[in-house]
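**Student:**
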Amino acid sequence: MDNLIDKKYAASEIEQGIYENWENMGYFKPSDNLDTPYYSVILPPPNVTGILHIGHVLNVSITDAIIRYKRMKGFNTLWLPGTDHAGIATQNKVERMLMSNGIKKEDLGKDKFIEKTWEWKNKYGHIITKQLRKIGGSLDWSREMFTMNEKSSNAVKEAFIDLYENDLIYQGEYIVNWCPFDKTALADDEINHEEKDSFLWHIQYPVKDSDIKLIVATTRPETMLGDTGVAVNPHDDRYKDLVGKTVILPLMNREIPIVADEYVDMEFGTGVVKMTPSHDPNDFEVAKRCNLKYINILTEDAKINENGGKYQGLDRFEARKQIVKDLEELGLLVKIEPHKNSIGHCYRCDTIIEPRVSKQWFVRMKPLAKKALEVVKNGEIKLEPARMEKIYYNWLTNIRDWCISRQIWWGHQIPAYYDEKGNVYVAKSLEEAIKKAGTTNLRQESDVLDTWFSSSLWPFSTMGWPDNDAADLKHFFPTNTLVTGADIIFFWVARMIMMSLHFKKQIPFKYVYFTGIVRDEIGRKMSKSLGNSPDPLDIIQNKGADALRFGLLFNTTQGQDIRFNDGLVDMGANFVNKLWNASKFVLSNLEGFDKNTSIMDLDFKVEDSWILSRLSNVSKEINENMDKYNIDQSCKLAFEFFKGDFCDWYVEIAKTRIYNSSDKADKLTAQWVLRHVLDYSLRLLHPFIPYVTEYIWQYVKVSGDTIMLSDFPTYDKALVDMQVENTFAFMQEAINSIRNIRAEANVSPAKKIHLLYLSKNEDEEHILVNNLKILDKLANVEKIEKANNIPSLVGFRLVRNTEIYVPLADLIDKDKEIKKIRNEIEKVENELKRVNGKLNNENFTSKAPKAVIEKEKGIKQELTDKLNKLNENLNKFLK
C-alpha cells in the first residue's frame, strides 16, 4: 500500500478502483446468515434512456447513507437495483435514431422494430447504472432487474390475468387522454396541467325553424365539428321550451338536439353548453345520459378526419384559425374574450393532449385504493414529510380508473387474444388462449401495458414473485424503506402499495422518504432546457463523488427542496480535504505506537476524557437521527464533531503532547486517543462520504477488511463523563473569550498575553489555573494569576461566574488605536446626522411608507449603540 502521509488529496485518484473492489469482493451482497435481521430497499428503477442528473445523485446518496449505516449496524442488507424499459421514451429515442437514417418504424414492421429496440437497450441501456456506480451506491448488482426481462414479464402476465379474473381489469370505450405525438393513450396522472392565457369564443347556434340563436362559449372552436347536441339545465326557465328541439350546427349544417342535464351550470356564461362527446370527458358522460351520438373528428396525430367536412386534413390548431375566420364571415361569431385555461400536456413530450373516445384497458382503482388508504391511515406505512399524507389521501379518495393500455410497440404486450367474433381470451400464452377459445384463429391484443404497470409490481416481482417460495421474497419482503421523489407519489408509490396489498396481502415497505426537488440558486427546477443543470459526472471528475454527496446530504432537509450551487460542492470538497490532512497528521505521529494498546494501560487527561465522552454522545445522537432518517442532521453532527471537537480542539491540544512531551506514557495516551477517535470518526462519516473514509481507514484500522463491514460507533456509557464535558466547555468558553478580546483590540494571535481573573466559583478557578498548557496552546496565554489590581486598559469578558481580564497596554499602540477609534466615531456621527436629518424632516415622515420610517429608526438605534460603544472604548484608552 502506498504512503498516505506523502500524498495530496486527489479525488479522481482516490475514488478510482475503490468501487470496483467493493463490488468484486461482494460487499454489497447480503450475507448467507438469514437469521440476522434484514434491511432491504429497492432502487426506483431509472429509465434505460436516462443519464445521471443531480436528482439521481440526491436519491442515491440518501439511500446509500441509510443502507451503509444499516449494514454497519449488523443488518443483513439488500439494496436491489434495476432499470425501467420506459415504453414511450425508449420508443421515441429509437424512432429518432432510425429517422436519422431515413427509416420509419413502419418501414421495419413491429417485430423488426422491437429487435432494433432491444439492440439499442443492450448497447445504451446500462449507461445510467454505470453512472450510478460513480456516486458510490452500494447496490447488489448481481440481482439487477429489468422490467422486461423474463422474470418481470412473467410477473406482469400473472398480475394482469389475476386482476382480469377478479374483475379489476376491464375493457371499454371511454374518453382518454390522447397524446398526438406519441399516438397513445395516457393515464390521468401522466398529464401536466399548465394555466395559460387563452380565449373564449362565443358562437351562435341557430334554433331550427326559429329566429332564436343560442350562444355557446368554447375554448376549443375546432371541436364544434364533432358536436352532437347542446345542453341546458332542466331547471332553467329561459330554455325549458326549447328542450327537445334542434339547432343547426354552424359550418356543418347538421341538426343536433337540445337536451337537458343537471351538469349545466345556469350561472356560468349563457347557460348553454355545446356537447362534443367524443372529445370532452364531461360531454361524454352527458351523452350517455341523454343518448347523444359520438362523432370522432380527429386522427391519431390530431388532424381533422373525414368527419370534419371541408376541414379534413388540417392540423387541429390550423383548423381552429380557419373555423374562427369562417364563423366571423358568416356573422356567427359573437365575441372573443380573454380566458385563463388549464391545458393538459403529455408528461413525456409536452405535447398538448386531446381528450378522445377510444377503446382501452382499465384497472378498477377504487377497490384497490380502499386498502391502500387504510395502511397509511393506521400507520403501517409512514410517509415523510407528513404533508404527503394529505396529498396521498386526496388522490386515492378521488381516484379514477387507470387506463393501462398504450398504443405503442415497445413494452409488455397485453396477454389478451381475440377470435374472429371479437371475443376476448386472457391467457399467459397463445397455446393457453387456444385451449380457452377452442380455435386456433386468434390474434393477440396489439396494445402494450403502461410502463407504470410493471413498475407497480417492483417490490415483489424483483424478488421472485409470483413464486411465493422464492428465497429473496421470503427473506427480504416486505422492504423497509423507499426513497423517491414526491412527483411520482401517484405514478408509482400509491400503485405499489395497492398491488402489494392485492397480490401479497402485505405492505411493500414501511417507510417512504420523499426527497425534495433540486433547484438552482434562484429557485428554478433543474432542467436541460433552462441550461441550469450541471453534469454530475463533471463534478465527480473535478471534485469527487464524496464532495458532491456531502454537499447535498449536509444541505438536504427531509422533504424540502434544495437550492444547488457550486458552493455546496466546494464545502464538501473542503471538508474532505480537511479530513485527509487531519488523518495525515494523526498517521504521521503514530511512530512507535502499538495499535493493540489496551485502554486499560492509559492514563487520560481532561482533554482525553472529554473527546472520548463527546465521541460517545455524538455517536448516540447520530444513531438516533439515522434511525429517524434525519440524514442531514446526522451528517452535520459527524461534521461538527470531527471538524470542531476533534480537529479544532483535541488535535491542537494533543500537538503539545506529541511534539514536546518527554513523558512517553502521556504521548502513548495521546496517540491512542488520536488513532481511536480518527477510526471512529471515519466510521461515523462513512455513510456520507464512503470513498475517502474507506481509503483512509485502511491505514488506521486495527482489524477488518473494509470499513463497510466495521461496527458503527454507538453510545458507550463507560466513556461518558458529563462533568468532564462541562469542565472542558468552560475552558472552551474562556479560550473563545480571550480570542475575541484579541480580535477586538487587534492584538496579534502570535503575541503572548497575561491573563487576570476573578472568580466566584472554585471549580472554574481550578480549571483555569490547572490548564495553563491548553490555554497557552490555544490562546497563547503565557501567565495566569488572580487579579489584585485591574489595569485601566484591559479587555474584559464574563465567563459564567468568572471575570477574565487581558491587560492591553503593552500589546497595542495606544496613540494609533485612539486615532483609529476617533476616525470611526466621526464616520458614525456623520451617518447618524444624516439619519436624524431624515427623521426630523416632516416632508419625509409624512410621505414615506411606515416600513421605510421604521427601518430608518432601526438604523438610528444601531448607529447610536455603535457610537456609545466606540466612546466607551475611547475612554478606556484616555484614562
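So in numbering that gives the first Met the number 0, spot 842 of the sequence shown is number 841, and the numbers just go up one at a time.
In this text, a Cβ means the ideal position worked out from N, Cα and C, and glycines have one as well.
(1) I'd like to know whether the C-beta atoms of N787 and K759 end up nearer to each other than 8 angstroms.
(2) I need the straight-line Cα distance from W629 to M147, nearest angstrom please.
(3) Hey, is the segment 387 to 395 in contact with the segment 368 to 377, meaning 3+ C-beta pairs nearer than 8 angstroms?
(4) Can you tell me the Cα-Cα spacing of T555 and G515, whole angstroms?
(5) Using C-beta distances below 8 angstroms, list every residue in its chain close to F74, excluding the 5 sequence neighbours before and after it, in chain order.
(6) DSSP three-state call for T82: helix, strand or coil?
(7) Relative to the C-alpha of F638, which residue among Q90, I688 and W117 is closest?
(8) Whose C-alpha, out of A664, D569, V425 and V492, is nearest the C-alpha of I598?
(9) Assuming N340 is part of the beta strand (DSSP E), what are its boundary residues?
(10) Rank D139, I127, M96 and G135 by C-alpha distance to the C-alpha of E118 and give the top, closest one.
(11) My output table needs one value for Y123: the three-state DSSP class, helix, strand or coil.
(12) Out of curiosity, what's the CA-to-CA distance linking N867 and L771?
(13) Helix, strand or coil, according to DSSP, for V93 in the structure here?
(14) Would DSSP call M251 helix, strand or coil?
(15) Would you say the segment 357 to 371 touches the segment 521 to 534, given that touching needs at least three Cβ pairs under 8 angstroms?
(16) Please work out which residues of its chain come closer than 8 angstroms, Cβ to Cβ, to N91, disregarding the five sequence neighbours upstream and downstream, and give them in chain order.
(17) S845 lies in the alpha helix (DSSP H); which residues open and close that run?
(18) With DSSP as the reference, please indicate the residues paired to V423 in a beta bridge.
(19) Taking 8 angstroms as the limit between beta carbons, can you name the residues of its chain near L777, skipping five residues before and five after?
(20) For Q359, write down the residues that DSSP places opposite it in a beta bridge.
(21) If contact is defined by three or more beta carbon pairs under 8 angstroms, each pair taking one atom from either stretch, is the segment 615 to 634 in contact with the segment 667 to 677?
(22) Which partner residues of G484 appear in the DSSP bridge assignment?
(23) Quick check on H753: does DSSP put it in helix, strand or coil?
(24) With contact counted as at least three CB pairs below 8 angstroms, one residue from each stretch, are the segment 235 to 245 and the segment 294 to 313 in contact?
(25) Hey, could you find the ends of the beta strand (DSSP E) K370 is sitting in?
(26) Looking only at its own chain, which residues have a Cβ that is under 8 angstroms from the Cβ of S736, when we skip the five neighbours before and after it?
(27) Whole-angstrom Cβ separation of Y512 and E379, contact assumed at under 8 angstroms?
(28) What would DSSP say about V568, mapped onto helix, strand or coil?
(29) Quick check: the Cα distance between M0 and T116, rounded to an integer number of angstroms?
(30) Indicate whether F549 and V517 have their beta-carbon atoms separated by less than 8 angstroms.
(31) Within 10 Å of its beta-carbon, does K846 have 16 or more other beta-carbons around it, so buried, or fewer, so exposed?
(32) Just to confirm before moving on: does the CB-CB distance between W457 and M495 stay below 8 angstroms?
(33) If we count the other Cβ atoms within 10 Å of its Cβ and call it buried at 16 or more, is L877 buried or exposed?
(34) If we cut at 8 angstroms on Cβ distances, does W360 have a partner in chain D?
(35) What did DSSP end up calling A216 once you bin it into helix, strand or coil?
(36) Compute the Euclidean distance between the alpha carbons of I398 and L77, then round it to the nearest angstrom.
**Tutor:** Let me lay it out:
(1) no
(2) Per the sequence shown, residue 629 should be read as Asn rather than Trp. About 35 angstroms.
(3) yes
(4) 8 angstroms
(5) The residues are T35, P36, Y37 and Y38.
(6) The DSSP-derived three-state label of T82 is strand.
(7) I688
(8) Closest by alpha carbon: A664.
(9) L332 to C345 is the extent of the beta strand (DSSP E) around N340.
(10) M96
(11) Helix.
(12) Rounded to whole angstroms, the separation of the alpha carbons of L771 and N867 is 35 angstroms.
(13) helix
(14) coil
(15) no
(16) D181, R347 and C348
(17) E841 to K846
(18) Y417, per the DSSP bridge assignment.
(19) W648, E651, I652 and I734
(20) G171
(21) With the rule of 3 Cβ pairs closer than 8 angstroms, the segment 667 to 677 does not count as touching the segment 615 to 634.
(22) According to DSSP, G484 bridges with T514.
(23) strand
(24) no
(25) K370 -> not in any beta strand (DSSP E); alpha helix (DSSP H) instead, spanning K365 to K376.
(26) Taken in chain order, the residues that qualify are R796, V798 and I803.
(27) Not a contact, Cβ separation roughly 16 angstroms.
(28) helix
(29) Interpretation of M0 is limited by its pLDDT of 47, a score under 50 that renders its predicted location unreliable; no figure is taken from the coordinates.
(30) no
(31) exposed
(32) M495 sits close to W457, with the two beta carbons spaced by under 8 angstroms.
(33) L877 comes out exposed.
(34) Here chain D cannot be found, since the structure has a single protein chain.
(35) strand
(36) The straight-line gap from Cα to Cα measures roughly 33 angstroms.
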